Each structure stands twice: as structure tokens, then as C-alpha cells.
Amino acid sequence: MVHISGEGGSKTIYNQSQAEDTAQREEKIPTRTHIPICITSDDKDETTVFMRTTNPTNPKRVAYVVKAVQYGKELTEEERKRVEGLVERYADIFACSLSEVLPIPGAQHWLNIPENATFNLRIRQRALTPPQAKFLHGRIDEMLAAGIIEKAPAEWVKCCATTVLAQKAH
Numbered sequence: 001m002v003h004i005s006g007e008g009g010s011k012t013i014y015n016q017s018q019a020e021d022t023a024q025r026e027e028k029i030p031t032r033t034h035i036p037i038c039i040t041s042d043d044k045d046e047t048t049v050f051m052r053t054t055n056p057t058n059p060k061r062v063a064y065v066v067k068a069v070q071y072g073k074e075l076t077e078e079e080r081k082r083v084e085g086l087v088e089r090y091a092d093i094f095a096c097s098l099s100e101v102l103p104i105p106g107a108q109h110w111l112n113i114p115e116n117a118t119f120n121l122r123i124r125q126r127a128l129t130p131p132q133a134k135f136l137h138g139r140i141d142e143m144l145a146a147g148i149i150e151k152a153p154a155e156w157v158k159c160c161a162t163t164v165l166a167q168k169a170h
């Protein structure tokens with residue numbers, strides 16, 4: 001989710017497709033921190049900042065990461081500069097998008113569930129407001145595209161649970 005403010009007012013973009021639609025309608029999208037929104041994720045494109053795997057120390061990417069990180073307001077100017085320097089030095093470990101989140105080679109997750117265990121396959125999903133549904137479906141699409149999650153055949157499903165969207169505290 002990105003909050004955009006400009007001369008014509010402000011609005012919130014909930015997912016990548018909405019960002020693309022907005023970018024097509026508007027030539028320039030100023031963001032809260034004045035970081036250009038890069039719609040493309042092709043690592044070979046020179047205008048993108050999404051190049052963690054091919055060029056993680058690219059100055060455009062490093063500048064994007066330094067500006068995107070939220071720093072505490074209680075930091076003094078000297079502390080903030082030191083923290084920004086640290087973020088700049090280790091900018092290669094920050095992911096600018098879900099597609100830049102790298103899997104850990106050989107990592108596996110196992111659940112120890114008894115063979116005869118039964119779980120609820122019917123859920124009572126809370127109704128989502130249209131913006132919530134759009135946000136959730138956008139995030140699911142992003143994770144599918146990034147390879148973080150994958151579609152599973154119905155016969156693989158052994159348990160279902162409701163999805164609850166919680167707003168961040170800050």
C-alpha cells in the first residue's frame with residue numbers, strides 16, 4: 001500500500017495493478033517520500049530500482065532503500081546520519097519488492113501432524129470491505145508472481161482458517 005499526495009489531493013494505492021492504472025492516467029506520481037514508483041521489475045531495465053540480484057549496489061537502488069526506510073523521530077541529526085550510512089552500506093540486504101525476497105537454499109518447513117488428524121475444511125470467512133478485498137487479492141497476486149506462495153490442488157488442502165486483516169499499530 002502506498003499513500004500518494006500531490007497537487008490534486010491524496011489517495012492510497014492498495015496493489016500493483018492499481019499503481020499501474022494510476023501511472024497510466026497520471027504522468028508523475030509524487031509519493032510521501034518523493035521516491036519514484038517503478039512499475040517495472042525487469043532487472044535489466046536501467047530505470048528500475050528492483051535489481052537486488054543483479055546490481056544491489058546501484059546508486060539508484062541504494063538511494064531508494066535509504067529513503068524508503070523509516071527512521072525514528074527521536075534520533076538526533078548525527079544519529080540519523082549514522083543510521084542512514086549503515087543502511088546505505090548494507091542496502092544489498094533490503095528487498096524493494098516481494099520479488100526481491102530471496103529463498104534460503106535448502107530451507108524446509110515441516111509440520112508434525114498425526115496421519116489420522118482431522119481439521120475443519122469449512123470456514124466462516126468474515127466479509128471484507130471492497131478496499132480490503134482488493135488489498136488482499138493484490139497481495140496474493142504479488143506473492144504468487146514472486147513465487148512466495150503457489151496454488152495448490154484441492155486434494156492437498158487438509159485445513160482451512162479464516163483470513164483476518166489487521167491494521168498496523170503505527
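One point on numbering: in the UniProt record's numbering, the residue at position 67 of the sequence shown is 67, and numbering is uninterrupted. Beta carbons: idealized from backbone N, C-alpha and C, even for Gly. In this text the structure is predicted, and so the values were computed from the model without any measurement.
DSSP three-state assignment for residue i, whether helix, strand or coil
{"i": "A152", "result": "coil"}
{"i": "G85", "result": "helix"}
{"i": "K168", "result": "coil"}
{"i": "L98", "result": "helix"}
{"i": "F135", "result": "helix"}
{"i": "Y90", "result": "coil"}
{"i": "I35", "result": "With a pLDDT of 36 at I35, under the threshold of 50, the predicted position of this residue should be treated as unreliable, and no value is reported."}
Straight-line gap, residue i to residue j (C-alpha atoms, nearest Å)
{"i": "G138", "j": "L165", "result": "13 Å"}
{"i": "T163", "j": "L136", "result": "9 Å"}
{"i": "C159", "j": "T76", "result": "49 Å"}
{"i": "A63", "j": "M51", "result": "13 Å"}
{"i": "I104", "j": "I148", "result": "12 Å"}
{"i": "N128", "j": "G72", "result": "What sits at residue 128 in the sequence shown is Leu, not Asn. If you take the alpha carbons of L128 and G72, they lie about 33 Å apart."}
{"i": "H109", "j": "A68", "result": "31 Å"}
{"i": "V157", "j": "L121", "result": "8 Å"}
{"i": "R61", "j": "P153", "result": "38 Å"}
{"i": "G85", "j": "E74", "result": "17 Å"}
{"i": "G132", "j": "A146", "result": "A quick correction: the sequence has Gln, not Gly, at residue 132. The straight-line gap from Cα to Cα measures roughly 21 Å."}
{"i": "V66", "j": "A169", "result": "23 Å"}
{"i": "Q125", "j": "A95", "result": "31 Å"}
Span of the alpha helix (DSSP H) around residue i
{"i": "M51", "result": "No alpha helix (DSSP H) holds M51; DSSP gives it neither H nor E."}
{"i": "R61", "result": "P59 to A68"}
Residue i Cβ short of 7 Å to the ligand SAH heavy atom set
{"i": "I123", "result": "The ligand SAH is not among the ligands present in this structure, which contains no ligands whatsoever."}
Problem set entry | the region 76 to 93 touching the region 56 to 65, judged by at least three CB pairs closer than 8 Å | yes
Exercise. Given 8 Å as the limit, is there contact between the region 94 to 101 and the region 139 to 148, that is, 3 or more CB pairs closer than that?
Worked result: yes
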